[in-house]
Every structure is written in structure tokens, then in C-alpha cells.
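Just so it is clear: in the sequence shown, position 16 is 15 by numbering that gives the first Met the number 0, and no numbers are missing. Here the structure is laid out as C-alpha cells; the discussion comes afterwards.
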Amino acid sequence: MYSLYHNAGDLTFEDEAMSNGIGNTTLLMSGWGLKFFDFDNDGNMDLLLVNGHPDDRMKSGLET
């Protein structure tokens with residue numbers, strides 16, 4: 000599963016992936032990359048997350 004780290008403000012980070020649902024959603028996925036960049040040139044940083052599974056026969060659970 001993916002992690003989502005929250006800055007605790009005391010030089011530590013806490014993984015909150017399970018408490019906000021990202022953990023269960025990404026449990027069977029593999030992450031390929033994460034990048035902050037200004038995709039739409041509006042001056043705000045955007046986040047691109049690319050994921051999948053190395054076995055193309057795996058289903059994401061999102062398919063109907």
C-alpha cells in the first residue's frame with residue numbers, strides 16, 4: 000500500500016494512509032512514480048501519481 004505522511008511538527012512524520020482510506024484503496028497496487036510540478040501553468044504545484052501492477056492480469060477492483 001502507499002503511505003501518506005503527515006508532518007507532526009516535531010521533526011517526525013506519521014503515516015496516515017489507513018486512517019484516511021488511501022491505505023485500503025492502494026493495498027494491491029505498486030507505485031511507479033510521484034512528481035510535483037505545475038501541470039497547468041497556474042503557478043500552483045500539482046501532484047502526479049502513477050501506479051499500477053506489474054502483472055497486467057491483475058484487476059484493480061475498480062473495474063465493473
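We put the beta carbon where it would ideally sit given N, CA and C, even for glycine.
Practice problem: Give the straight-line distance between the Cα atoms of N43 and R56, rounded to the nearest whole angstrom. | Solution: Roughly 37 Å between the two C-alpha positions.
Exercise. Kindly list the residues whose CB is nearer than 8 Å to the CB of T23, restricted to its own chain and excluding five residues on each side of it in sequence; keep chain order.
Key: Note on residue identity: the sequence assigns Asn, not Thr, to residue 23. Answer for N23: M0, M17, listed in chain order.
Quiz item: In angstroms, rounded to a whole number, what distance separates the CA positions of H5 and D54?
Solution: Cα to Cα, the separation comes out at about 31 Å.
Exercise. Please list, in chain order, all residues of the same chain as I21 whose beta carbon is under 7 Å from its beta carbon, the five residues on each side excluded.
Key: Y1, L3
Quiz prompt | Three-state secondary structure (DSSP) of S18 | solution = helix
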